[in-house]
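From first to last, the protein sequence lines stand for chains A and B. Per my numbering, the first sequence starts with residue 8, numbered consecutively. Per my numbering, the second sequence starts with residue 11, numbered consecutively. Even glycine gets a Cβ: it sits at the ideal position worked out from N, Cα and C. Here the structure is laid out as structure tokens; the discussion comes afterwards.
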Amino acid sequence: MPTSSATPRLGDLERAVMEHLWTSAETHPEGVTVREVLESFEGERDIAYTTVMTVLDRLSKKELVTRVLDGRAWRYLPADTREALTAQTMRRTLDDMDVTDRRAALMHFLDGATESEIEDVRSALAEIDARPRRGIRLPGRRR
Amino acid sequence: MGSTGTINAVIALALIILAVLLAWPVPRLMARTQMFRHSPRAALFAWQSVTLGAILAALAAAPALAPLVLFDGQEVWKHFAILMLAGCASGLMLARLLVAGHSIGRRMRVLRARHRELVDIISLQPQPGSKLRVLDHPAPTAYCLPGRESRVVISQGVLDAMPPKAFAAVLAHEGAHLRARHDLLIEFFSVIHETVPEPVRCGVAMSEVRLLVEALADRASVRRVGALPTRVALLTLSGSKAPVGAMAAGTGSTAVRLDLVDRAAPRPLLSGVIYAYAAGLIALPLGLLALAWS
Chain A
8 MPTSSATPRL
18 GDLERAVMEH
28 LWTSAETHPE
38 GVTVREVLES
48 FEGERDIAYT
58 TVMTVLDRLS
68 KKELVTRVLD
78 GRAWRYLPAD
88 TREALTAQTM
98 RRTLDDMDVT
108 DRRAALMHFL
118 DGATESEIED
128 VRSALAEIDA
138 RPRRGIRLPG
148 RRR
Chain B
11 MGSTGTINAV
21 IALALIILAV
31 LLAWPVPRLM
41 ARTQMFRHSP
51 RAALFAWQSV
61 TLGAILAALA
71 AAPALAPLVL
81 FDGQEVWKHF
91 AILMLAGCAS
101 GLMLARLLVA
111 GHSIGRRMRV
121 LRARHRELVD
131 IISLQPQPGS
141 KLRVLDHPAP
151 TAYCLPGRES
161 RVVISQGVLD
171 AMPPKAFAAV
181 LAHEGAHLRA
191 RHDLLIEFFS
201 VIHETVPEPV
211 RCGVAMSEVR
221 LLVEALADRA
231 SVRRVGALPT
241 RVALLTLSGS
251 KAPVGAMAAG
261 TGSTAVRLDL
271 VDRAAPRPLL
281 SGVIYAYAAG
291 LIALPLGLLA
301 LAWS
């Protein structure tokens with residue numbers, strides 16, 4: 008079970024580590040080590056090696072990160088691009104509207120909608136996802 | 011003594027009939043009565059009352075028979091068996107509700123926490139201390155994650171497609187959900203919906219309650235930002251490509267909500283009647299039980 012309020016700092020770090028993995032995915036397609044992640048934070052954040060390890064471990068439990076053994080060290084890779092994860096999340100929130108308790112977990116703006124209306128929004132979303140987006144978008148790029 | 015017994019039996023029967031009425035035809039009738047939608051807050055009270063009234067009536071049937079056993083010495087054993095049976099039925103029902111409530115509630119909190127953690131990671135850089143999370147996606151979407159650590163989630167598509175005032179309407183809508191803890195209301199009805207056996211389950215009631223909760227949040231948005239931005243927000247988020255006029259003439263939930271946005275003015279008389287009706291639904295089973303014990 009995920010811990011909720013006890014770990015705001017850890018949540019913040021998860022985000023920062025994930026951002027780093029996304030940006031370095033282009034230059035390091037083989038993945039990065041804990042040491043490399045730690046070095047990227049040098050001067051920015053004062054964190055321990057074990058903390059980075061914990062964060063990467065949590066991220067892989069959440070299936071946001073995959074890891075491969077390279078010699079004696081693990082190399083970590085983002086499981087997917089931010090775009091793909093975002094699209095998947097958006098799709099899931101609509102799919103969850105078929106199941107009562109999952110639907111109730113988050114309150115969708117369209118919660119009052121009928122099955123067919125939700126289906127319309129779902130297909131509109133699929134259409135947008137199928138379209139190539141304009142411009143080259145690097146993973147993890149901020150607007 | 012015999013007449014007391016008859017009265018108690020009649021009251022118990024009346025309570026059972028009331029429970030059946032409140033569980034089956036009344037919700038179906040209420041879902042079809044569109045008048046309720048013009049006073050969503052009162053209507054949601056009425057929906058809670060009809061649900062609680064049905065549960066109370068069913069639970070009270072056994073206690074209504076109790077005086078029979080306690081005060082009628084002649085046929086104690088015969089009545090005792092009936093009472094035990096009724097007591098067991100009531101107890102089982104209550105236990106089932108409590109267990110379902112507990113497990114559904116826990117499951118929802120886990121789902122929320124997981125989704126919140128995911129959104130916190132994949133969203134664009136949030137403002138420090140802000141609950142708002144923006145997903146980098148061109149399709150407009152908006153939802154909120156209720157709870158202690160709540161979040162309002164919107165997509166970049168909302169920011170791109172909406173004028174600032176309509177965006178403010180979305181925030182007012184979601185803010186109303188979070189502030190008034192509409193999630194607890196939905197959770198209550200979800201628990202009942204999941205607990206009652208399939209044949210008794212009332213799908214139209216659940217969708218009507220969802221619609222009313224959304225209409226209530228729309229009203230908050232109308233009050234804060236105005237009717238026009240609320241309409242624009244609704245149209246954008248429903249993914250509608252139809253012109254406003256055509257949409258409003260439709261029969262879907264967006265059309266209903268647009269129509270309700272236009273009639274968001276308070277209706278005190280209607281609300282009063284609905285509140286009285288809601289109070290009656292609770293008072294009836296309690297009154298019958300009190301009568302059985304008097």
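Note to self: Can you confirm whether B:R122, when its beta carbon is compared against all beta carbons of chain A, has any partner nearer than 9 Å?
What the structure shows: As a first step, residue 122 of chain B must be located in the second sequence, where it is residue number 112. Yes - at least one Cβ of chain A is within 9 Å of the one on B:R122.
Margin query: By DSSP's criteria, A:D77 is part of a beta bridge. Which residues make up the other side?
Written below: Sequence index remark: in the first sequence, residue 77 of chain A carries index 70 (1-based). Under DSSP, A:D77 takes part in a beta bridge, and its partners are A:A80.
Next item on the list: Write down the C-beta distance between B:A274 and B:A56 rounded to the nearest angstrom, noting that I regard them as a contact closer than 8 Å.
Entry: Here residue 274 of chain B is taken as the residue at index 264 of the second sequence, counted from 1. Here residue 56 of chain B is taken as the residue at index 46 of the second sequence, counted from 1. Between B:A56 and B:A274 the Cβ distance is about 19 Å, and since that is not below 8 Å, they are no contact.
Next item on the list: Return the residue from the list B:R51, B:I202 and B:A225 that minimises the CA-CA distance to B:A215.
Entry: By one-based count along the second sequence, residue 215 of chain B stands at place 205. Ranking B:R51, B:I202 and B:A225 by Cα distance to B:A215 puts B:I202 first.
Next item on the list: Could you work out which residue in B:I65, B:T151 and B:A302 is closest to B:T205 when comparing CA atoms only?
Entry: Position 195 of the second sequence, counted from the start, is the residue given in the question as residue 205 of chain B. Checking every option, the nearest Cα to that of B:T205 belongs to B:I65.
Next item on the list: Go ahead and pull the three-state DSSP assignment for A:A55.
Entry: On the first sequence, residue 55 of chain A is found 48 positions in, with the first residue counted as 1. If DSSP states are grouped into helix, strand and coil, A:A55 belongs with coil.
Item checked: Rounded straight-line distance, which links the Cα of B:A227 to that of B:R234 -> What you label residue 234 of chain B is simply residue 224 of the second sequence in a count that begins at 1. What you label residue 227 of chain B is simply residue 217 of the second sequence in a count that begins at 1. Spanning the alpha carbons of B:R234 and B:A227 requires a straight line of approximately 11 Å.
Check: For B:M118, which residues in chain A fall below 7 Å Cβ to Cβ?
Finding: Stepping through the second sequence from its first residue, residue 118 of chain B is reached at position 108. Those are D108, A111 and A112, listed as they occur along chain A.
Notebook entry, point to check: Below 9 Å between beta carbons: does that hold for B:L294 and B:I21?
Noted result: Translated into the one-based positions of the second sequence, residue 294 of chain B becomes position 284. Translated into the one-based positions of the second sequence, residue 21 of chain B becomes position 11. Not closer than 9 Å, so no.
Next item on the list: Report yes or no: is there a C-beta of chain A within less than 9 Å of the C-beta of B:A258?
Entry: Taking the second sequence and counting its residues from 1, the one referred to as residue 258 of chain B is at position 248. Since pLDDT at B:A258 reaches only 47, below the 50 mark, its modelled position is unreliable, and the value read off the structure follows with that caveat. It does not; no Cβ of chain A falls within 9 Å.
Next item on the list: Measure from the C-beta of B:M216 to each C-beta in chain A and report whether the shortest distance is under 9 Å.
Entry: As a first step, residue 216 of chain B must be located in the second sequence, where it is residue number 206. The beta-carbon of B:M216 is placed less than 9 Å from the nearest beta-carbon of chain A.
Next item on the list: Give me the Cα-Cα distance between B:P77 and B:A29, rounded to the nearest whole angstrom.
Entry: Indexing the second sequence from 1 puts residue 77 of chain B at position 67. Indexing the second sequence from 1 puts residue 29 of chain B at position 19. If I take the Cα positions, the gap works out to 20 Å.
Item checked: Residues of its chain near B:A67, where Cβ-Cβ distance is below 7 Å and the 5 sequence neighbours each way are ignored -> Numbered from its first residue, the second sequence carries residue 67 of chain B at position 57. For B:A67, where only same-chain residues beyond five positions count, the Cβ hits under 7 Å are L25, L28, A29, L32 and P295.
Check: By a C-beta neighbour count over all protein chains shown, 10 Å radius and 16 as the cutoff for buried, is B:M40 buried or exposed?
Finding: Here residue 40 of chain B corresponds to residue number 30 of the second sequence, with the count starting at 1. Classification of B:M40: buried, given that the 10 Å Cβ count is 16 or more.
Next item on the list: Please compile the residues from chain E whose C-beta is within a distance smaller than 7 Å of the C-beta of B:E224.
Entry: Considering every chain present, this structure includes no chain E. Its protein chains are A and B.
Item checked: For B:S165, the first and last residue of its enclosing beta strand (DSSP E) -> Against the second sequence, residue 165 of chain B aligns to sequence position 155. From DSSP, the beta strand (DSSP E) with B:S165 extends over R161 to S165.
Check: Roughly how many angstroms separate the alpha carbons of A:R3 and A:V41, rounded to a whole number?
Finding: Because residue 3 of chain A is not part of the residues shown, which for chain A are 8 to 150, the question remains open.
Note to self: Classify B:A286: buried if its beta carbon has 16 or more other beta carbons within 10 angstroms, exposed otherwise.
What the structure shows: Within the second sequence, the letter at position 276 stands for residue 286 of chain B. With fewer than 16 other Cβ atoms within 10 Å, it is exposed.
Next item on the list: Compare the C-beta of A:T96 with all C-beta atoms of chain B and state if any pair is closer than 9 Å.
Entry: What you label residue 96 of chain A is simply residue 89 of the first sequence in a count that begins at 1. Closer than 9 Å to some Cβ of chain B, the Cβ of A:T96 qualifies, so yes.
Checklist line | Contacting positions in the stretch 72-97 of chain A - beta carbon closer than 8 Å to chain B | finding: So the list reads R89, E90, L92, T93, A94, T96 and M97, given in the order they occur along the chain.
Next item on the list: Indicate whether at least one CB of chain B lies closer than 9 Å to the CB of A:E21.
Entry: Position 14 of the first sequence holds residue 21 of chain A. Yes, A:E21 lies at the interface with chain B (some Cβ there is under 9 Å from its Cβ).
Item checked: Separation of B:R106 from B:R143, as counted between CA atoms -> For the purposes of this step, residue 143 of chain B is taken as residue 133 along the second sequence, with counting starting at 1. For the purposes of this step, residue 106 of chain B is taken as residue 96 along the second sequence, with counting starting at 1. Between B:R143 and B:R106, the C-alpha separation is close to 38 Å.
Next item on the list: Specify, as a first and last residue, the run of the beta strand (DSSP E) that B:R6 falls within.
Entry: As displayed, chain B neither begins before 11 nor continues past 304, which places residue 6 of chain B out of reach and without an answer.
Checklist line | Neighbour-count burial assignment, B:H112, 16 or more Cβ in a 10 Å radius | finding: Locating residue 112 of chain B in the second sequence gives position 102, counting from the first residue. Burial state of B:H112 is exposed, judged by a 10 Å Cβ sphere holding fewer than 16 other Cβ atoms.
Check: On the three-pair Cβ rule with 8 Å, is the stretch 31-46 of chain A touching the stretch 73-90 of chain A?
Finding: Three or more beta-carbon pairs separated by less than 8 Å link the stretch 31-46 of chain A to the stretch 73-90 of chain A, which places the two stretches in contact.
Next item on the list: Using a Cβ-Cβ cut-off of 9 Å, state whether A:M25 counts as contacting chain B.
Entry: As a first step, residue 25 of chain A is located in the first sequence; it is residue number 18 there, counting from the start. With 9 Å as the cut-off, A:M25 counts as an interface residue toward chain B.
Next item on the list: Could you tell me the distance, in whole angstroms, from the CA atom of B:L95 to the CA atom of B:R122?
Entry: Walking along the second sequence from the start, residue 95 of chain B turns up at place 85. Walking along the second sequence from the start, residue 122 of chain B turns up at place 112. About 40 Å.
Notebook entry, point to check: Looking at the unbroken beta strand (DSSP E) that takes in B:L155, where does it start and where does it end?
Noted result: One-based indexing of the second sequence puts residue 155 of chain B at position 145. Residues A152 to L155.
Checklist line | Cβ neighbour criterion (16 or more within 10 Å) applied to B:T246 | finding: The residue you call residue 246 of chain B lines up with position 236 of the second sequence. Buried is the call here.
Notebook entry, point to check: Do you know how far the Cα of A:S47 is from the Cα of B:L238?
Noted result: Along the second sequence, read from residue 1 onward, the residue named residue 238 of chain B stands at position 228. Along the first sequence, read from residue 1 onward, the residue named residue 47 of chain A stands at position 40. In this structure, the alpha-carbon of B:L238 lies about 48 Å from that of A:S47.
Check: CA-CA distance, B:L104 and B:S200?
Finding: As a first step, residue 104 of chain B is located in the second sequence; it is residue number 94 there, counting from the start. As a first step, residue 200 of chain B is located in the second sequence; it is residue number 190 there, counting from the start. C-alpha separation (whole angstroms): 16 Å.
Next item on the list: Could you name the residues of chain B that A:I54 contacts, counting a contact when the two beta carbons are closer than 9 Å?
Entry: One-based indexing of the first sequence puts residue 54 of chain A at position 47. By Cβ distance, chain B contributes nothing, its closest Cβ being about 17 Å from A:I54, past 9 Å.
Note to self: What does the alpha-carbon distance come out to for the pair B:A258 and B:F198?
What the structure shows: What you label residue 258 of chain B is simply residue 248 of the second sequence in a count that begins at 1. What you label residue 198 of chain B is simply residue 188 of the second sequence in a count that begins at 1. Only weak support exists for where B:A258 lies, its pLDDT of 47 falling under 50; the coordinates are left without a value.
Notebook entry, point to check: B:L145 versus chain A: which residues are under 8 Å apart at the beta carbon?
Noted result: Counting from one through the second sequence, the residue named residue 145 of chain B turns up at place 135. Result: T93, T96 and M97.
Next item on the list: Could you say which of B:L244, B:I92 and B:C212 lies nearest to B:H152 if we only look at CA atoms?
Entry: Taking the first residue of the second sequence as position 1, residue 152 of chain B is located at position 142. It should be pointed out that residue 152 of chain B corresponds to Ala in this sequence rather than to His. Checked all of B:L244, B:I92 and B:C212; the closest Cα to B:A152 is B:L244.
Note to self: Could you tell me the alpha carbon to alpha carbon distance between B:V283 and B:A53, rounded to whole angstroms?
What the structure shows: Residue 283 of chain B sits at position 273 when you count from the first residue of the second sequence. Residue 53 of chain B sits at position 43 when you count from the first residue of the second sequence. The straight-line gap from Cα to Cα measures roughly 10 Å.
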